[in-house]
Each structure stands twice: as C-alpha cells, then as structure tokens.
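Here my numbering is used: the sequence shown runs in plain steps of one and ends on residue 1017. Note that CB positions come from ideal geometry on N, CA and C, so glycine has one too. Structure record follows, encoded as structure tokens.
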Amino acid sequence: MNNFLLSTLIFLPFAGSVMVLLLPSTYRDSFRWISLIVSVINLLNIFTLYNNFDRQLSDYQFVEQHEWIRMSLGNLGVLSIDYLLGVDGINMPMILLSGIVLLIGSISSFTIGYRQKAYHSLYLLLSGSIIGCFAALDFFLFFLFFEFMLLPMYFLIGIWGGERREYAAIKFFIYTLVGSIFILIVMIGLSMSVQDSFFSQEMGGTVHTFDFRQLVDFKNYIPHSILHPVEKQLIFGMPARLFAFVLLIVGFGIKLPSVPFHTWLPDAHVEAPTPVSVVLAGILLKVGAYGFIRIAYGFFPDIAYQFTYIVAGAGVISIIYGAYNALAQEDLKKMIAYSSISHMGFVLLGLASMTVEGVNGAIYQMFGHGLVSAMLFLVAGVIYDRTHNRLIENFRGLSSAMPYFTLAVTVAFFGALGLPTLPGFMGEFFTIMGGFQSEILPDWVSMLAMLGIVLSAGYFLWTLQKMFFGKFWANRNQEENMKDLDFREIVMLYSLSALSIIFGIFPSLIFDISGESVKAFLNGF
C-alpha cells in the first residue's frame, strides 16, 4: 500500500468526483457524505504517511515513478515526462495540512444547499489537484496539477459565491493564469536546458527531463543551453537565469499572494462561500509559497542571492501593508483576508534569510497559518450564516449569547496574532530569528517585520473587544438569530483549536519533519 499511497491520495478524490457525477440527482443527500468519506480516508492515509516518514533522511521518500511520455524532438533529443511523486521534509507538512483543511472544508460544505452534485464534484476535483501539486516531483506534472486547480476554484467562487462572485472569480482566474504563463515559460526553458544524465548515456543522446531531482543539479545542464548557470545566455539583454527567476517570482508571488500582486485575494475571499474561503486561505496560498521554496530558490540558488533584498522587502511590505489594511477594515471577512497577506509575508522573510531557522520557520508558518486561517474564515462564516452580515460594528457582546463560539474565536484570534503556545508565535519567531541571524539581511529588516506583529495584535484585539464584550446587541434586531455553535460547527472549530494548541506547544511535530530536508536544501546555496 505504501508504494501507492501518494497516488491513492490524489486519485481517490478524483474517483469520488466521478462517482458524484454518475449518481442521479435524486441521491443529492449522499453527495456531501461521499465528499466527507473521501476526505476522512485521505486524512487517515496522510497520517500513515506522516507516521512512516523517516525524520533522519533528507532524500525523497515514498517515491513513485512511472514512464509517461517519451517524445522525439529530432536533433534536439528526446523529451521525457514521468509520473513522479515523492515527499520530503518540505512538502510533507503541506500534504498533512491539506488533509486537515480539506476535511474541515468538506464538513463546512454541508451548508451548501443547491447544485450539490456540481459543488461536491468540483470540491473533490480540487482536493486531488491540491495534493497532486504538493506531491509531484516532475515539473510538468506539478504544472498540470497547478493549472488543474484553477478550473474548480473558478466555478466554486463564480457559482456559489456572493453578489460580486463573477467579478471575483474572473479576477482570480486572470491573475493566476498570468502567473501560470510565466511559470510555463520557465518550465520549458529548464526542460530544454537540463538532461537526465543517466538515460542520456544509456540512449546515446540527449534526454530532456522535468525531474526535480535532475533540475537542481547544475551538472545536468546541457552546454550552451539557454539557462546554463555558467555560460551566460541573454534574453532581452538580461541574463537568462535572472529573467527566469523574475518570472517565477511574479508567477508564485501572485499565488502567494505578495504585494503588489495581492489585489485578487480580498475580492475572492469576500465573495467565496465559507468552505471555499477555508481551502483558499488554508491551502492554496501555500502552493505559491511552496513554489518559491521548491522551484524558484531550489532551481536558481545562484540568482536567489541577488534577489535577497527584493524577496525580503516584498515580505516586509506585505507584512506591514496587509496589517495596516486589516486595521482599516469594517468587514470581518475582508479583515481576515488582509491579515492573510500580512502573515504570509513572514514566509518570504524566512526564506530570504537563507538560514536553517528562517526556512524552517517559513515552513512552520505556512502550516500554522493554514490551521489558523481556516479557523478565522469559519468564524466569519458562523456570523454570516446567522445574519447575512459581516460588519464588525453591527455586533456587540456576543460572548454572553455565544460562549462556545467566543472560546473558539479567542483561540483563532490569539493564534493569528502570535500568542506563545499557538502556531502563529513559533512561525513568526523563527522567521524573524532567521532574519536576525542571516549574514545577508541587515537587522533592521527583521525589526520592521516585527511591526506587523504589533499591528496584528491591534486589529485582532480591537475586533475581539468590539464584537464580543459589552452589552449583547446585533444590528437589525437579529439578536434572536445569534445562536451558539451547533454540533457540526463545534467539531470544525474545536478540532482546529485542539490542533493549533498541539502544534503550538509541540512545534517539533513539524520541525522534526522539515529539519534534515531544509539543511540539504540550504547546502545547495
């Protein structure tokens, strides 16, 4: 089973999606249960993957490789594309996060009341694509899953979203598609510049490859190729590798998103239904950050040094800009969306530090933010489901009417602002510590980033005080609608609360996984 565990994680949701489509509409009550059962099975398989992961190894584990496409390019050689999956300490935490958040999103999806067949089919399609994107070790396969995520997310926002759902969906699609084109250009350039040294010798000719393991090794570059690290080729008067790195920074920066490529995110979050917002913030933003680490920095370490200040600067600007915007919001969901931009900026800071602490902190921040942001959007969904209103000023004293809800909100807010024993603290602490220990970045960069923590405490505590303390009141005489959490909501919010506390108190659950792979990753610089 372990030999096909990663494939199971990908194709079980795809099979579930097909099953939902094939069932008659009269079985609509079963669609949500199929989605839930698939998500539960996948999470159990991911726990198996996590428990059997060897923490002492930096190499890829659970590798699955099968020949897929072999295409003759004439005098240029042969193009080789493999179905290639594997995990190491960098993508294992992301797969674990995906399993958790996708299950929570599936439970949250029980509130979807119309076009259930289409919704749950698309949701399962999205689930398999996300895990495939993190597990792929072939650039072509990664890009295939990366693009495949666009279609279901576009429809999930555009059909089940709010009043401006079409605008938000189109904006999301266009932004991400532009970023994908940039990544595609680099992917083609790399495949034409790198050969599989073993198969090239065996076949007596050049075998172009998309294999991540080959792309990171400079010895596999073909002499005089466009992206050769030593022979400086030019594109538009710019060194080709520098040009390729810029394209990747923009492509993955849109997905992250980093300022100034962030403007699609608040619209997408505000208009998306709650389950889709949970998946978008909890997982999809991490695909961009993962691409930064695995592809941009992994394949172009020589250029990454030159962009240290730019990447760190984008991170710090995102931290402060996102925090100031969150502080100014009156819509709870929009405030949470801007807070995501701010907190994901710490990932860029940790990566730019090029230290073990900083990169480990970036991976932990991705994982911890995924848990907390999923909670935050569930919190916004609870308010909206009861009143169809998300304005912060329209609620007072909710703690007296909704004590169970208030407890969950408190854990989510303090987890996001960085209270010790909760995941936000460890992620931000290690990324900032990595910035201070970096031999490249000056100390004032990390000191500026710390301003984001102060602002984060400001807008979360202000919201908590304004909405949950004082005399109970809800605008438009909706006090009677403000019922406390039901069983389904308790399961979602309290499960995430428990996981946030567990991973906050025991960060080694992630650091032990990522540690050796991060050391090997930094040895490439």
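- Here Arg882 is not near Asp976, since their CB atoms are 8 angstroms or more apart.
- One thing to note: Leu841 has its Cβ within 8 angstroms of the Cβ of Thr923.
- With a cutoff of 8 angstroms on beta-carbon distance, Thr540 and Leu504 are scored as not near each other.
- Beyond the five residues adjoining it in sequence on each side, Val848 comes within less than 7 angstroms, by CB distance, of Val1010, Lys1011, Leu1014 in the same chain, given in chain order.
- By the Cβ rule, the region 606-623 does not count as touching the region 708-724, because fewer than three pairs are nearer than 8 angstroms.
- Within the same chain, and ignoring the five residues on either side of Val555 in sequence, the residues whose Cβ sits closer than 8 angstroms to its Cβ are Leu576, Leu577, Gly578, Leu629.
- Taking C-beta atoms under 8 angstroms as the contact rule, Val770 and Ser600 qualify, at a distance of about 6 angstroms.
- When rounded, the separation of the alpha-carbon atoms in Thr500 and Ile587 is 13 angstroms.
- In terms of Cα proximity to Phe906, the closest of Met925, Asn543, Val864, Ile649 is Val864.
- Under the 8 angstroms Cβ criterion, the region 802-818 does not count as touching the region 882-892, having fewer than three qualifying pairs.
- By the criterion of at least three beta-carbon pairs nearer than 8 angstroms, the region 526-541 is in contact with the region 505-514.
- In its chain, beyond the 5 residues on either side, Leu541, Tyr542, Phe545, Ile1005, Ser1006 have a beta carbon closer than 8 angstroms to the beta carbon of Met584.
- According to DSSP, residue pairing for Phe638 in a beta bridge does not occur.
- His835 is classed as buried because its beta carbon has at least 16 other beta carbons within 10 Å across all chains shown.
- DSSP places Thr518 in the helix class (H, G or I) of the three-state scheme.
- Counting every other CB atom within 10 Å of its CB across the protein chains shown gives His761 a total of 16 or more, marking it as buried.
- Beta-bridge annotation (DSSP): Ile727 is paired with Met730.
- Exposed is the label assigned to Thr518, since fewer than 16 other Cβ atoms lie within 10 Å of its Cβ.
- Taken through DSSP and simplified to helix, strand or coil, Phe1013 comes out as helix.
- For Val579, the secondary structure class from DSSP, reduced to helix, strand or coil, is strand.
- With a 10 Å radius around the Cβ and a threshold of 16 neighbouring Cβ atoms, Leu777 comes out buried.
- Taking Ile775 as reference, the option from Ile795, Val686, Ser832, Gly853 with the minimal CA-CA separation is Ser832.
- Nearest to Asp521 by C-alpha distance, out of Leu536, Arg968, Ala610, is Ala610.
- At a Cβ-Cβ threshold of 8 angstroms, Gly790 and Val708 count as neighbours.
- Sequence-distant Cβ neighbours of Asp978 in its own chain, meaning closer than 6 angstroms and more than five residues away, do not exist here.
- Collapsing the DSSP output to three states places Ile573 in a strand.
- When DSSP states are grouped into helix, strand and coil, Thr879 belongs to the helix group.
- Along the region 768-799, the alpha helix (DSSP H) occurs as fully enclosed runs of 4 or more residues at 777-783, 793-796, listed in sequence order.
- Taking the C-beta atoms as reference points, Ile582 is found nearer than 8 angstroms to Ile855.
- DSSP, read as helix, strand or coil, puts Ile604 in coil.
- In the three-state reduction of the DSSP assignment, His716 falls in the coil class, being assigned neither a helical nor a strand state.
- Closest in alpha carbon position to Ser598, among Ile994, His700, Arg980, is Arg980.
- Sequence-distant partners of Leu571 (beyond 5 residues in either direction) whose C-beta falls short of 6 angstroms from its own C-beta, in its chain, are Met563, Leu565, His700.
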